[in-house]
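> In our numbering, the protein residues as written are 1 to 311. Using N, Cα and C, we set each Cβ at its ideal position, and we do this for glycine too.
Here is the structure:
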(Lines of atoms letter the chains of each structure in order from A; the text may use other names.)
(Lines give C-alpha, C1' and ligand atoms only; values in the text may rest on other atoms or scores of the structure.)
Protein backbone atom coordinates (compact mmCIF):
# COMPACT_ATOMS: atom_id res chain seq x y z
CA UNK A 1 0.00 0.00 0.00
CA UNK A 2 1.14 3.52 -0.72
CA UNK A 3 2.19 5.65 2.24
CA UNK A 4 0.71 8.95 1.15
CA UNK A 5 -0.53 10.01 4.59
CA UNK A 6 -0.45 13.68 5.41
CA UNK A 7 1.40 14.98 8.41
CA UNK A 8 -0.77 15.33 11.48
CA UNK A 9 -1.65 18.94 11.96
CA UNK A 10 -1.32 20.58 15.31
CA UNK A 11 -2.67 23.84 16.53
CA UNK A 12 0.85 25.22 16.85
CA UNK A 13 1.72 24.61 13.18
CA UNK A 14 0.42 26.95 10.57
CA UNK A 15 -1.63 25.41 7.75
CA UNK A 16 0.80 26.59 5.10
CA UNK A 17 3.74 24.87 6.77
CA UNK A 18 1.72 21.69 7.16
CA UNK A 19 0.93 21.55 3.44
CA UNK A 20 4.53 22.23 2.52
CA UNK A 21 5.86 19.39 4.70
CA UNK A 22 3.18 16.99 3.45
CA UNK A 23 4.04 17.80 -0.16
CA UNK A 24 7.70 17.01 0.47
CA UNK A 25 6.83 13.68 2.07
CA UNK A 26 4.45 12.78 -0.73
CA UNK A 27 7.08 13.59 -3.38
CA UNK A 28 9.65 11.43 -1.60
CA UNK A 29 7.24 8.50 -1.42
CA UNK A 30 6.27 8.87 -5.06
CA UNK A 31 9.92 8.86 -6.09
CA UNK A 32 10.50 5.46 -4.49
CA UNK A 33 7.21 3.86 -5.52
CA UNK A 34 7.63 0.64 -7.49
CA UNK A 35 5.32 -0.28 -10.35
CA UNK A 36 3.06 -2.68 -8.42
CA UNK A 37 2.27 -0.08 -5.76
CA UNK A 38 1.27 2.53 -8.31
CA UNK A 39 -1.56 0.39 -9.66
CA UNK A 40 -4.09 1.67 -7.11
CA UNK A 41 -3.08 5.28 -7.61
CA UNK A 42 -3.40 5.09 -11.39
CA UNK A 43 -6.29 2.70 -11.85
CA UNK A 44 -6.34 3.17 -15.64
CA UNK A 45 -2.94 1.49 -15.88
CA UNK A 46 -2.92 -2.23 -15.12
CA UNK A 47 0.68 -1.98 -14.09
CA UNK A 48 0.74 -5.59 -12.92
CA UNK A 49 0.73 -6.40 -16.63
CA UNK A 50 3.81 -4.23 -16.97
CA UNK A 51 5.88 -6.67 -14.99
CA UNK A 52 7.75 -7.38 -18.17
CA UNK A 53 9.47 -10.68 -18.83
CA UNK A 54 12.49 -9.31 -20.68
CA UNK A 55 15.54 -9.20 -18.42
CA UNK A 56 16.49 -5.61 -19.30
CA UNK A 57 14.08 -2.91 -20.46
CA UNK A 58 14.08 0.80 -21.11
CA UNK A 59 11.20 2.88 -22.48
CA UNK A 60 11.92 6.52 -23.22
CA UNK A 61 9.89 9.44 -24.50
CA UNK A 62 12.28 10.62 -27.19
CA UNK A 63 10.79 14.12 -27.35
CA UNK A 64 11.45 14.94 -23.70
CA UNK A 65 14.14 12.39 -22.93
CA UNK A 66 12.09 11.20 -19.95
CA UNK A 67 12.48 7.55 -19.01
CA UNK A 68 8.97 6.10 -18.72
CA UNK A 69 9.99 2.64 -17.55
CA UNK A 70 13.24 0.88 -16.83
CA UNK A 71 14.39 -2.47 -15.53
CA UNK A 72 18.04 -3.48 -15.26
CA UNK A 73 18.68 -0.72 -17.78
CA UNK A 74 22.42 -0.49 -17.04
CA UNK A 75 23.14 -4.21 -17.24
CA UNK A 76 25.73 -4.88 -19.96
CA UNK A 77 24.50 -7.77 -22.10
CA UNK A 78 25.13 -9.35 -25.51
CA UNK A 79 22.90 -7.68 -28.11
CA UNK A 80 23.01 -10.12 -31.04
CA UNK A 81 21.71 -8.64 -34.31
CA UNK A 82 20.72 -5.32 -32.75
CA UNK A 83 24.34 -4.76 -33.81
CA UNK A 84 23.17 -4.32 -37.40
CA UNK A 85 21.74 -0.87 -36.66
CA UNK A 86 25.29 0.29 -35.98
CA UNK A 87 26.50 -1.59 -39.05
CA UNK A 88 24.02 0.35 -41.17
CA UNK A 89 25.00 3.71 -39.67
CA UNK A 90 28.69 3.11 -40.35
CA UNK A 91 27.96 2.10 -43.96
CA UNK A 92 25.85 5.20 -44.56
CA UNK A 93 28.31 7.52 -42.83
CA UNK A 94 30.96 6.40 -45.32
CA UNK A 95 28.77 7.69 -48.18
CA UNK A 96 29.71 4.76 -50.40
CA UNK A 97 27.67 4.27 -53.60
CA UNK A 98 24.46 2.45 -52.71
CA UNK A 99 24.20 1.09 -56.24
CA UNK A 100 27.66 -0.52 -56.16
CA UNK A 101 27.46 -4.30 -56.53
CA UNK A 102 28.93 -6.32 -53.66
CA UNK A 103 29.75 -10.02 -53.69
CA UNK A 104 29.11 -12.62 -51.00
CA UNK A 105 32.38 -14.42 -50.30
CA UNK A 106 33.52 -17.42 -48.30
CA UNK A 107 34.62 -14.96 -45.60
CA UNK A 108 30.96 -14.06 -45.04
CA UNK A 109 29.96 -17.59 -44.04
CA UNK A 110 29.15 -18.05 -40.36
CA UNK A 111 31.75 -20.35 -38.85
CA UNK A 112 30.93 -19.28 -35.27
CA UNK A 113 27.28 -20.29 -34.87
CA UNK A 114 26.78 -22.22 -38.07
CA UNK A 115 23.74 -20.21 -39.13
CA UNK A 116 22.39 -20.78 -42.62
CA UNK A 117 21.79 -18.28 -45.38
CA UNK A 118 20.03 -18.23 -48.72
CA UNK A 119 22.69 -15.86 -50.02
CA UNK A 120 25.10 -18.28 -51.62
CA UNK A 121 28.79 -17.54 -52.06
CA UNK A 122 29.24 -15.61 -55.30
CA UNK A 123 25.89 -13.81 -55.16
CA UNK A 124 26.02 -10.17 -56.30
CA UNK A 125 23.71 -7.55 -54.77
CA UNK A 126 23.82 -3.78 -54.53
CA UNK A 127 25.01 -2.18 -51.31
CA UNK A 128 21.46 -0.93 -50.72
CA UNK A 129 20.00 -4.42 -51.12
CA UNK A 130 22.61 -5.76 -48.70
CA UNK A 131 21.54 -3.10 -46.21
CA UNK A 132 17.90 -4.05 -46.71
CA UNK A 133 18.54 -7.72 -46.02
CA UNK A 134 20.72 -6.96 -43.01
CA UNK A 135 18.12 -4.68 -41.42
CA UNK A 136 14.84 -6.27 -42.50
CA UNK A 137 15.72 -9.97 -42.52
CA UNK A 138 18.80 -9.84 -40.24
CA UNK A 139 20.86 -11.51 -42.97
CA UNK A 140 24.31 -12.15 -41.49
CA UNK A 141 26.16 -12.66 -44.76
CA UNK A 142 24.84 -9.35 -46.02
CA UNK A 143 26.14 -7.55 -42.92
CA UNK A 144 29.50 -9.27 -43.25
CA UNK A 145 29.79 -8.36 -46.92
CA UNK A 146 29.01 -4.72 -46.12
CA UNK A 147 31.91 -4.63 -43.67
CA UNK A 148 34.35 -6.28 -46.09
CA UNK A 149 33.53 -3.76 -48.81
CA UNK A 150 34.38 -0.86 -46.50
CA UNK A 151 37.63 1.10 -46.98
CA UNK A 152 40.22 -0.83 -44.98
CA UNK A 153 38.06 -3.95 -44.78
CA UNK A 154 36.32 -5.53 -41.81
CA UNK A 155 38.97 -4.53 -39.27
CA UNK A 156 38.61 -0.85 -40.15
CA UNK A 157 34.83 -1.26 -40.20
CA UNK A 158 34.71 -2.62 -36.64
CA UNK A 159 36.97 0.22 -35.49
CA UNK A 160 34.53 2.65 -37.10
CA UNK A 161 31.64 0.97 -35.26
CA UNK A 162 33.30 1.53 -31.90
CA UNK A 163 34.30 5.08 -32.84
CA UNK A 164 30.68 5.82 -33.77
CA UNK A 165 29.48 4.30 -30.50
CA UNK A 166 31.73 6.63 -28.53
CA UNK A 167 30.73 9.61 -30.67
CA UNK A 168 27.03 9.20 -29.85
CA UNK A 169 27.70 8.73 -26.14
CA UNK A 170 27.50 4.97 -25.71
CA UNK A 171 29.49 4.10 -22.59
CA UNK A 172 28.61 0.42 -22.11
CA UNK A 173 28.84 -0.64 -25.75
CA UNK A 174 31.50 -2.60 -27.60
CA UNK A 175 31.50 -4.23 -31.02
CA UNK A 176 33.70 -7.11 -32.17
CA UNK A 177 31.92 -7.98 -35.42
CA UNK A 178 29.34 -6.45 -37.81
CA UNK A 179 26.70 -9.19 -37.49
CA UNK A 180 26.10 -9.73 -33.79
CA UNK A 181 26.85 -13.44 -33.97
CA UNK A 182 29.53 -13.04 -31.31
CA UNK A 183 28.55 -12.54 -27.67
CA UNK A 184 31.40 -10.01 -27.46
CA UNK A 185 29.05 -7.41 -28.97
CA UNK A 186 27.57 -5.91 -25.81
CA UNK A 187 25.57 -2.91 -24.67
CA UNK A 188 23.01 -1.80 -22.10
CA UNK A 189 19.36 -0.90 -22.56
CA UNK A 190 20.25 2.69 -21.67
CA UNK A 191 22.92 2.86 -24.36
CA UNK A 192 20.67 1.24 -26.93
CA UNK A 193 18.01 3.93 -26.52
CA UNK A 194 20.68 6.36 -27.72
CA UNK A 195 21.66 4.08 -30.58
CA UNK A 196 18.06 3.68 -31.76
CA UNK A 197 17.53 7.44 -31.53
CA UNK A 198 20.68 7.99 -33.61
CA UNK A 199 19.58 5.42 -36.19
CA UNK A 200 16.22 7.18 -36.50
CA UNK A 201 18.01 10.17 -38.03
CA UNK A 202 18.84 8.09 -41.12
CA UNK A 203 15.86 8.04 -43.53
CA UNK A 204 17.15 4.90 -45.27
CA UNK A 205 17.45 3.01 -41.98
CA UNK A 206 13.88 3.98 -41.12
CA UNK A 207 12.71 2.77 -44.52
CA UNK A 208 14.66 -0.47 -44.73
CA UNK A 209 14.26 -1.60 -41.12
CA UNK A 210 10.47 -1.28 -41.38
CA UNK A 211 10.04 -2.86 -44.82
CA UNK A 212 7.54 -5.68 -44.33
CA UNK A 213 8.76 -8.03 -47.05
CA UNK A 214 10.71 -8.05 -50.28
CA UNK A 215 11.32 -10.53 -53.09
CA UNK A 216 14.92 -10.53 -54.26
CA UNK A 217 15.94 -11.83 -57.68
CA UNK A 218 19.24 -13.63 -57.19
CA UNK A 219 20.98 -15.72 -59.85
CA UNK A 220 17.74 -16.37 -61.70
CA UNK A 221 15.87 -17.24 -58.51
CA UNK A 222 13.19 -15.30 -56.66
CA UNK A 223 13.75 -15.35 -52.91
CA UNK A 224 11.10 -13.93 -50.57
CA UNK A 225 12.35 -12.24 -47.40
CA UNK A 226 10.22 -11.05 -44.50
CA UNK A 227 10.83 -8.66 -41.64
CA UNK A 228 11.94 -10.48 -38.51
CA UNK A 229 9.67 -8.25 -36.40
CA UNK A 230 6.11 -9.59 -36.59
CA UNK A 231 4.78 -6.21 -35.41
CA UNK A 232 6.09 -4.69 -38.64
CA UNK A 233 4.59 -7.43 -40.79
CA UNK A 234 1.18 -7.40 -39.11
CA UNK A 235 -0.91 -4.55 -40.53
CA UNK A 236 -3.54 -5.05 -37.82
CA UNK A 237 -1.07 -4.72 -34.96
CA UNK A 238 -1.87 -1.03 -34.51
CA UNK A 239 1.80 -0.09 -34.36
CA UNK A 240 3.35 2.86 -36.15
CA UNK A 241 7.01 1.82 -36.17
CA UNK A 242 9.76 4.10 -37.48
CA UNK A 243 12.84 1.98 -36.64
CA UNK A 244 12.95 -1.73 -35.89
CA UNK A 245 15.56 -4.39 -35.22
CA UNK A 246 15.40 -7.83 -33.68
CA UNK A 247 18.22 -10.03 -32.47
CA UNK A 248 18.91 -13.49 -31.16
CA UNK A 249 21.82 -15.65 -30.17
CA UNK A 250 21.75 -18.08 -27.25
CA UNK A 251 23.88 -15.81 -25.04
CA UNK A 252 21.68 -12.75 -25.70
CA UNK A 253 18.22 -14.27 -25.68
CA UNK A 254 15.60 -12.66 -27.89
CA UNK A 255 16.02 -8.91 -28.25
CA UNK A 256 13.93 -6.15 -29.80
CA UNK A 257 14.47 -2.42 -30.21
CA UNK A 258 12.07 0.03 -31.82
CA UNK A 259 11.28 3.65 -32.25
CA UNK A 260 7.50 3.86 -32.48
CA UNK A 261 4.89 6.59 -32.44
CA UNK A 262 2.57 6.18 -29.47
CA UNK A 263 -0.03 8.86 -28.78
CA UNK A 264 1.60 11.13 -31.36
CA UNK A 265 5.03 11.12 -29.77
CA UNK A 266 8.18 9.10 -30.54
CA UNK A 267 8.94 6.44 -27.97
CA UNK A 268 12.06 4.27 -27.94
CA UNK A 269 11.57 0.73 -26.61
CA UNK A 270 14.48 -1.57 -25.78
CA UNK A 271 13.85 -5.18 -24.73
CA UNK A 272 16.84 -7.43 -24.04
CA UNK A 273 17.26 -11.07 -23.05
CA UNK A 274 13.73 -12.41 -23.55
CA UNK A 275 13.54 -16.18 -23.64
CA UNK A 276 9.98 -17.12 -24.56
CA UNK A 277 9.19 -17.45 -28.26
CA UNK A 278 6.82 -14.46 -28.15
CA UNK A 279 7.97 -12.78 -24.95
CA UNK A 280 9.53 -9.71 -26.56
CA UNK A 281 6.40 -9.13 -28.68
CA UNK A 282 4.18 -9.57 -25.64
CA UNK A 283 6.29 -7.12 -23.66
CA UNK A 284 6.14 -4.56 -26.47
CA UNK A 285 2.35 -4.83 -26.65
CA UNK A 286 2.03 -4.48 -22.87
CA UNK A 287 4.11 -1.30 -23.01
CA UNK A 288 1.96 0.05 -25.84
CA UNK A 289 -1.29 -0.59 -23.94
CA UNK A 290 0.17 0.91 -20.77
CA UNK A 291 1.11 4.15 -22.48
CA UNK A 292 -2.16 4.39 -24.43
CA UNK A 293 -4.30 3.68 -21.36
CA UNK A 294 -2.47 6.33 -19.39
CA UNK A 295 -3.07 8.88 -22.13
CA UNK A 296 -6.74 7.95 -22.49
CA UNK A 297 -7.28 8.56 -18.80
CA UNK A 298 -5.22 11.77 -18.80
CA UNK A 299 -2.61 10.17 -16.61
CA UNK A 300 0.73 10.41 -18.37
CA UNK A 301 3.28 7.65 -17.64
CA UNK A 302 6.29 9.05 -15.89
CA UNK A 303 9.54 7.83 -14.49
CA UNK A 304 7.86 7.54 -11.10
CA UNK A 305 5.38 5.06 -12.55
CA UNK A 306 7.92 2.87 -14.23
CA UNK A 307 10.47 1.27 -11.96
CA UNK A 308 10.47 -2.41 -12.70
CA UNK A 309 11.87 -4.92 -10.21
CA UNK A 310 15.54 -5.68 -10.59
CA UNK A 311 16.66 -9.16 -11.47
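Would you mind working out which of 282, 240 and 249 sits nearest residue 266, comparing C-alpha positions?
Residue 266 has its Cα closest to that of 240, out of 282, 240 and 249.
> Helix, strand or coil: how does DSSP classify residue 124 here?
Strand at residue 124.
> Considering only C-alpha positions, which residue in the set 291, 84, 53 and 60 is nearest to residue 181?
The candidate whose alpha carbon is nearest that of residue 181 is 84.
> If I measure Cβ to Cβ from residue 70 and keep anything under 6 angstroms in the same chain, skipping five residues before and after, which residues do I get?
58, listed in sequence order.
> Near residue 292, what residues of its chain come up, given a Cβ to Cβ distance below 7 angstroms and the 5 sequence neighbours on each side ignored?
The residues are 262 and 263.
> Determine the contact status of residue 245 and residue 81, defining contact as a CB-CB distance below 8 angstroms.
Yes, the Cβ-Cβ distance between residue 245 and residue 81 is below 8 angstroms.
> Which class does residue 195 belong to by DSSP, given the choice of helix, strand or coil?
It is helical.
> Tell me the residue span of the alpha helix (DSSP H) that contains residue 87.
Run containing residue 87: 83-93, per the alpha helix (DSSP H) assignment.
> Where residue 50 and residue 287 are concerned, what is the direct C-alpha to C-alpha distance, given to the nearest angstrom?
Each residue's Cα considered, the two are about 7 angstroms apart.
> Using a Cβ-Cβ cut-off of 6 angstroms (strictly less than) and excluding sequence neighbours within five positions of residue 278, which residues of its own chain qualify?
Closer than 6 angstroms at the Cβ level, and outside the excluded window around residue 278, lies no residue.
> Are the C-beta of residue 72 and some C-beta of chain C separated by less than 8 angstroms?
The chain labelled as chain C is not found in the depicted structure, where only one protein chain is given.
> Any heavy atom of the ligand GDP closer than 7 angstroms to the Cβ of residue 262?
Questions concerning the ligand GDP fall outside what the structure shown contains, since it holds no ligand whatsoever.
> Please classify residue 275: is it buried, with 16 or more other beta-carbons within 10 angstroms of its beta-carbon, or exposed?
Residue 275 is exposed by the Cβ-count criterion.
> If distances are taken between C-alpha atoms only, which option among 218, 238 and 247 comes closest to residue 228?
Comparing Cα-Cα distances from residue 228 to each of 218, 238 and 247, the minimum goes to 247.
> Quick one: grab the DSSP three-state call for residue 232.
Three-state result, residue 232: helix.
> Report the option in 134, 268, 161 and 216 whose CA atom is closest to the CA atom of residue 67.
That would be 268, whose Cα lies nearest to the Cα of residue 67.
> What whole-angstrom Cβ distance do residue 73 and residue 190 have, given they're in contact under 8 angstroms?
Between residue 190 and residue 73 the Cβ distance is about 5 angstroms, and since that is below 8 angstroms, they are a contact.
> Identify the continuous beta strand (DSSP E) that holds residue 118 and give its terminal residues.
Premise fails: residue 118 is in no beta strand (DSSP E) and is neither H nor E.
> So which of 249, 87, 79 and 104 has the shortest CA-CA distance to residue 218?
Ranking the options by Cα distance to residue 218, first place goes to 104.
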